[in-house]
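Written out below as structure tokens is the structure these notes cover.
Residue numbers (our numbering): 62 to 353.
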């Protein structure tokens with residue numbers, strides 16, 4: 062297909078207009094990548110993380126538990142926050158500086174696996190036979206050098222699969238790191254994530270809950286779809302905010318951001334392949350069937 066004149070691409074933002082000039086293969090590859098789209102609840106999550114980051118060191122650092130249904134967009138918020146605060150290298154000290162450190166809670170979160178997982182995220186080699194005391198010492202030393210302000214731990218709901226005693230041990234470990242290093246903890250997980258804190262009243266009182274909720278049919282969702290359309294490199298406007306498409310997306314996705322994105326991306330790919338260059342309800346119906 063010939064390149065579309067820029068004047069006909071006004072439905073796209075400036076950066077996406079350039080992507081719309083690429084060939085079909087490159088555009089489809091671009092569509093399949095993760096992308097950040099601002100919407101009020103995600104922006105509020107980012108703002109809360111920024112406020113934690115700006116908190117001066119004190120004895121009891123504020124913390125947050127961000128929770129919501131699987132595929133609601135929690136991980137995208139975390140990744141966006143990490144990109145906003147990239148790692149830096151301090152040439153004077155020769156140390157890498159990390160304002161934000163993020164990791165996943167191991168499926169079986171005992172102390173050894175936790176420290177090993179954190180060291181892996183820090184890019185720190187360590188002996189597979191090292192004991193818990195050695196791993197703890199290495200982890201604390203590295204974190205002091207890197208001086209993070211926030212430690213984000215995803216999949217915190219894994220604690221719920223452990224015994225009460227194991228849950229308490231894991232929470233004591235997190236409390237120890239927060240107190241020892243004077244950093245803010247951000248725990249991320251499913252809707253059950255706050256329950257993982259209830260075995261420790263002191264920990265539970267320290268964490269402010271923040272829920273990412275599913276979409277419903279309202280103006281906020283229509284605005285999100287309009288913003289999404291502006292970053293999809295199709296050469297014609299799709300009008301994703303039209304009533305039939307809005308109702309279909311909510312019904313098929315249950316309001317989950319990840320599923321909404323999957324349907325739109327699938328519809329966009331079909332629109333490129335059939336040369337129509339705009340997403341229709343039929344495209345979305347085919348995308349929904351293809352994912353079953």
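Cβ coordinates follow ideal geometry from the N, Cα and C atoms, glycine included. On a predicted model such as this, the values are computed, not experimentally measured, just so you know.
Bridge partners of residue i, per DSSP?
i: residue 213; result: 163, 247
i: residue 272; result: 128
For the ligand NAD, is there any heavy atom lying closer than 6 Å to the beta carbon of residue i?
i: residue 90; result: Questions concerning the ligand NAD fall outside what the structure shown contains, since it holds no ligand whatsoever.
Compute the Euclidean distance between the alpha carbons of residue i and residue j, then round it to the nearest angstrom.
i: residue 233; j: residue 337; result: 57 Å
i: residue 283; j: residue 238; result: 42 Å
i: residue 253; j: residue 100; result: 24 Å
i: residue 281; j: residue 103; result: 12 Å
i: residue 311; j: residue 278; result: 7 Å
i: residue 258; j: residue 96; result: 32 Å
i: residue 116; j: residue 245; result: 8 Å
i: residue 333; j: residue 159; result: 41 Å
i: residue 147; j: residue 161; result: 8 Å
i: residue 314; j: residue 320; result: 5 Å
i: residue 198; j: residue 89; result: 47 Å
i: residue 263; j: residue 236; result: 9 Å
Would you identify the three-state DSSP class for residue i, choosing helix, strand or coil?
i: residue 157; result: strand
i: residue 127; result: strand
i: residue 340; result: coil
i: residue 279; result: coil
i: residue 350; result: helix
What are the boundary residues of the beta strand (DSSP E) that includes residue i?
i: residue 151; result: 149-151
Around the C-beta of residue i, are 16 or more other C-beta atoms found within 10 angstroms, so that it is buried, or is it exposed?
i: residue 93; result: exposed
i: residue 75; result: exposed
i: residue 215; result: buried
i: residue 326; result: buried
i: residue 170; result: buried
i: residue 308; result: exposed
i: residue 225; result: exposed
Hey, quick one: how far does the alpha helix (DSSP H) through residue i stretch, first residue to last?
i: residue 110; result: 101-114
i: residue 89; result: 85-92
i: residue 202; result: 193-207
i: residue 77; result: 75-80
i: residue 143; result: 135-145
i: residue 327; result: 318-334
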